[in-house]
Amino acid sequence: MAQSVPEYTVDAAWPKRLPNNWIIGQVAGIAVDSNDTIWVIHRPQSLTPQEAGAIQNPPFSLCCVPAPSVLQFDQAGNLLQAWGGPYWDRENSLWVDDSPDGVWPSNEHGITVDREGNVWLAGNGDGNLVLKYNNDGTELLLVIGTVESSSGPGMNTEDFDEVIITGGSNDIARLGRPAEVEVDEGAREVYIADGYANRRVIVFDMDTGEYKRHWGAYGRVPNDAPLPSYDPDAAPAQSFLGPVHSVRLSDDGLVYVADRTANRIQIFLKDGTFVEESFIAPWTLSNGSVWDIEISPFAGQPFLFVADGANNRIWIVNRESMELVGEIGGGGRNAGYFDWLHNVAIDSDGNIYTAEVNEGKRIQKFNLLD
Numbered sequence: 100m101a102q103s104v105p106e107y108t109v110d111a112a113w114p115k116r117l118p119n120n121w122i123i124g125q126v127a128g129i130a131v132d133s134n135d136t137i138w139v140i141h142r143p144q145s146l147t148p149q150e151a152g153a154i155q156n157p158p159f160s161l162c163c164v165p166a167p168s169v170l171q172f173d174q175a176g177n178l179l180q181a182w183g184g185p186y187w188d189r190e191n192s193l194w195v196d197d198s199p200d201g202v203w204p205s206n207e208h209g210i211t212v213d214r215e216g217n218v219w220l221a222g223n224g225d226g227n228l229v230l231k232y233n234n235d236g237t238e239l240l241l242v243i244g245t246v247e248s249s250s251g252p253g254m255n256t257e258d259f260d261e262v263i264i265t266g267g268s269n270d271i272a273r274l275g276r277p278a279e280v281e282v283d284e285g286a287r288e289v290y291i292a293d294g295y296a297n298r299r300v301i302v303f304d305m306d307t308g309e310y311k312r313h314w315g316a317y318g319r320v321p322n323d324a325p326l327p328s329y330d331p332d333a334a335p336a337q338s339f340l341g342p343v344h345s346v347r348l349s350d351d352g353l354v355y356v357a358d359r360t361a362n363r364i365q366i367f368l369k370d371g372t373f374v375e376e377s378f379i380a381p382w383t384l385s386n387g388s389v390w391d392i393e394i395s396p397f398a399g400q401p402f403l404f405v406a407d408g409a410n411n412r413i414w415i416v417n418r419e420s421m422e423l424v425g426e427i428g429g430g431g432r433n434a435g436y437f438d439w440l441h442n443v444a445i446d447s448d449g450n451i452y453t454a455e456v457n458e459g460k461r462i463q464k465f466n467l468l469d
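All residue numbers for the sequence shown refer to the numbering used here, where the first residue is 100 and numbers rise by one.
If you want it as structure tokens, here you go:
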């Protein structure tokens, strides 16, 4: 028997007010761990001087102080802990990185928490890194990628003015502004959506960082040749158009990849074998419609939830047919609507959590209706 399409209502009181006069900036990532606590990574450096007036020299106003980059909440919206990220040196008017080993990403992006409680971060700024921390952020356990940029093919991206220099999409040592991480504990592997500069999914050993495999669109060897902008009337791009913005694993062993500006989800087996692709809101231009993917937690995982930061909706997709069956939200700044929706997560009760970048700068909770 087919499951009915879930319905949601926004919880406008979630989360509760932050302590310490803290404020959050662009929220690039949100995740739910195995204990149903909610993890957020935001970009303190995205706050304007007016928004962070209390830290200016001299202070502009009573409000506010940038919160640490990583925050953990319970389902009721209580802050459990916060850590990481740069701090503002008021005397010298600059951001300072005091993270373990000094490799904090210059532009925070994705966050994932594995079943052991380790926190995985992706950074799509300079450095091209994925970082694995212990639960309270006091120990850096693993670095995947290299801190320094290096010579190579590189790509232009619409999100950054400069040319991104990496080793290219077939370099197995360097990443290209990775966007998101997914962990497969059973296989002890980590999948990386790589990313803003590269056009691939790449897989490493989650304990040692040893390279395992990578692939591009349709399971082929990635190609970094220039591509035209997305055209809804043209044949689908044979490479990921990018950014390769999200990767998710289902319980039945499928790998779902968000090719954001191509408005599509490509589905693979774990070895990179291509299964199928599906287009979401294919009329969408500019920033694309497939920003993040989350999978229903219930038996059979019947639905996908697709975050769309261009149309500012969560599309509900039947996972078997890949047909659109519902939507949540719409563009706007009121509770329940979105301004640059970027990331989506879901807890074991089916409640949804969202993160917004650019001028959105907030997180929201949507409760599943009975």
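A virtual CB, placed ideally from N, CA and C, is assigned to each residue, including glycine.
Bear in mind that the values here come from a model prediction, so they are computed numbers and not experimental data.
Legend entry - Within 9 Å, strictly: CB atoms of C162 and N120: Numbered from its first residue, the sequence shown carries residue 162 at position 63. Numbered from its first residue, the sequence shown carries residue 120 at position 21. Contact: yes.
Inset, instruction - Going by DSSP, name the residue or residues bridged to P165. - result: Here residue 165 corresponds to residue number 66 of the sequence shown, with the count starting at 1. DSSP output for P165 lists I122 as bridge partner(s).
Legend entry - Test: V416 CB closer than 9 Å to a CB of chain D: In summary, chain D is missing from the structure at hand, where a single protein chain is found.
Legend entry - Any 3 or more C-beta pairs closer than 8 Å across the stretch 228-243 and the stretch 144-160: no
Inset, instruction - Could you round the C-beta distance between A361 and Y329 to whole angstroms and report it? I think they count as a contact, below 8 Å. - result: Locating residue 361 in the sequence shown gives position 262, counting from the first residue. Locating residue 329 in the sequence shown gives position 230, counting from the first residue. Correct: roughly 6 Å between the Cβ atoms.
Inset, instruction - For the stretch 201-247, list the beta strand (DSSP E) runs that are entirely contained and at least 3 residues long, ordered along the chain. - result: 207-212, 218-222, 228-232, 239-244
Inset, instruction - Note down, one range per segment and in chain order, each alpha helix (DSSP H) of at least 4 residues found wholly within the stretch 283-322. - result: none
Inset, instruction - Taking the CB atoms as reference points, tell me whether L230 and W194 lie closer together than 9 Å. - result: Here residue 230 corresponds to residue number 131 of the sequence shown, with the count starting at 1. Here residue 194 corresponds to residue number 95 of the sequence shown, with the count starting at 1. Going by C-beta atoms, L230 is not nearer than 9 Å to W194.
Legend entry - Proximity winner among S145, N442, E422, E376, relative to G408 (alpha-carbon distances): As a working mapping, residue 408 is identified with position 309 in the sequence shown. Measuring from the Cα of G408, the nearest candidate turns out to be N442.
Inset, instruction - Drop a sphere of 10 angstroms on the beta-carbon of P321, count the other beta-carbons inside from all chains shown, and report buried for 16 or more, exposed for fewer. - result: Stepping through the sequence shown from its first residue, residue 321 is reached at position 222. Buried is the call here.
Inset, instruction - With G428 as the anchor, note down where its beta strand (DSSP E) starts and where it stops. - result: Position 329 of the sequence shown holds residue 428. Its beta strand (DSSP E) spans residues 423-428.
Inset, instruction - Give the secondary structure of G152 by DSSP, where H, G and I count as helix, E and B as strand, and everything else as coil. - result: Taking the sequence shown and counting its residues from 1, one reaches residue 152 at position 53. Looking at G152 - three-state DSSP - the assignment turns out to be helix.
Legend entry - Q174 (DSSP reduced to helix, strand or coil): Numbered from 1 along the sequence shown, position 75 holds the residue referred to as residue 174. In this structure, Q174 counts as coil in the three-state DSSP scheme.
Inset, instruction - State yes or no: is the C-beta of A272 within less than 9 Å of the C-beta of G294? - result: By one-based count along the sequence shown, residue 272 stands at place 173. By one-based count along the sequence shown, residue 294 stands at place 195. Result no, Cβ atoms of A272 and G294 do not sit closer than 9 Å.
Legend entry - Those residues which DSSP pairs with E393 across a bridge: Walking along the sequence shown from the start, residue 393 turns up at place 294. F404.
Legend entry - Segment contact flag, the stretch 393-400 with the stretch 344-351, C-beta cutoff 8 Å, min 3 pairs: yes
Inset, instruction - Over the uninterrupted beta strand (DSSP E) stretch that includes Y329, give me the two end residues. - result: For this step, residue 329 is matched to residue 230 along the sequence shown. Y329 -> no beta strand (DSSP E), and no H or E assigned at all.
Inset, instruction - Name the one or two DSSP bridge partners that S345 has. - result: As a position in the sequence shown, residue 345 is number 246, starting the count at 1. DSSP output for S345 lists A357 as bridge partner(s).
Legend entry - N-terminal and C-terminal residue of the beta strand (DSSP E) that F465 is part of: Residue mapping note: residue 465 aligns to position 366 of the sequence shown, counting from 1. Segment 461-467, the beta strand (DSSP E) holding F465.
Inset, instruction - Would you check if the distance between the CB atom of E284 and the CB atom of E215 is smaller than 9 Å? - result: As a working mapping, residue 284 is identified with position 185 in the sequence shown. As a working mapping, residue 215 is identified with position 116 in the sequence shown. Yes; because the gap between Cβ atoms is below 9 Å, this pair is in contact.
Legend entry - Cβ-based burial, L382 [other Cβ within 10 Å; buried from 16]: Walking along the sequence shown from the start, residue 382 turns up at place 283. The identity of residue 382 in the sequence shown is Trp, whereas the question assumes Leu. Per the 10 Å Cβ criterion, exposed.
Legend entry - C-alpha gap between V374 and I366, whole angstroms: Stepping through the sequence shown from its first residue, residue 374 is reached at position 275. Stepping through the sequence shown from its first residue, residue 366 is reached at position 267. Rounded to whole angstroms, V374 to I366 spans 5 Å at the Cα level.
Legend entry - N-terminal and C-terminal residue of the beta strand (DSSP E) that A363 is part of: Against the sequence shown, residue 363 aligns to sequence position 264. As written in the sequence, residue 363 is Arg, which differs from the Ala given in the question. 363-368 is the extent of the beta strand (DSSP E) around R363.
Inset, instruction - Could you name the residues of the same chain whose beta carbon sits closer than 8 Å to that of G124, not counting the 5 residues immediately before and after it, in chain order? - result: In the sequence shown, counting from the first residue as 1, residue 124 sits at position 25. Same-chain partners within the cutoff: H141, R142, P143, Q144, S145, L146, E150, P165, K460.
Inset, instruction - Report the residue from R287, G244, A286 whose alpha carbon sits nearest the alpha carbon of S268. - result: Here residue 268 corresponds to residue number 169 of the sequence shown, with the count starting at 1. Of the candidates R287, G244, A286, the one whose C-alpha sits nearest the C-alpha of S268 is G244.
Inset, instruction - Answer yes or no: the CB of Y329 versus the heavy atoms of the ligand GTP, is any distance below 8 Å? - result: Looking for the ligand GTP in the displayed structure turns up nothing, as the structure carries no ligands at all.
Inset, instruction - Flag this pair as yes or no: are the beta carbons of S205 and N156 separated by less than 9 Å? - result: Within the sequence shown, the letter at position 106 stands for residue 205. Within the sequence shown, the letter at position 57 stands for residue 156. No, they are not a contact pair.
Legend entry - Residues of its chain near P114, where Cβ-Cβ distance is below 6 Å and the 5 sequence neighbours each way are ignored: Counting from one through the sequence shown, the residue named residue 114 turns up at place 15. The residues are F172, G176.
Inset, instruction - Using 10 angstroms around the beta-carbon of T265, count the other beta-carbons present and answer buried if the total reaches 16, otherwise exposed. - result: By 1-based counting over the sequence shown, the position of residue 265 is 166. Burial call: buried.
Legend entry - Nearest-angstrom Cα separation, counted from D188 out to L403: To locate residue 403, count along the sequence shown from 1; it is residue 304. To locate residue 188, count along the sequence shown from 1; it is residue 89. Cα-Cα distance, rounded: 43 Å.
Inset, instruction - Would you tell me roughly how many angstroms separate the C-alpha atoms of F437 and H313, rounded to the nearest one? - result: The residue you call residue 437 lines up with position 338 of the sequence shown. The residue you call residue 313 lines up with position 214 of the sequence shown. Their Cα atoms are separated by approximately 34 Å.
Legend entry - Euclidean distance between Cα positions of I415 and D391: The residue given as residue 415 occupies position 316 in the sequence shown. The residue given as residue 391 occupies position 292 in the sequence shown. Each residue's Cα considered, the two are about 12 Å apart.
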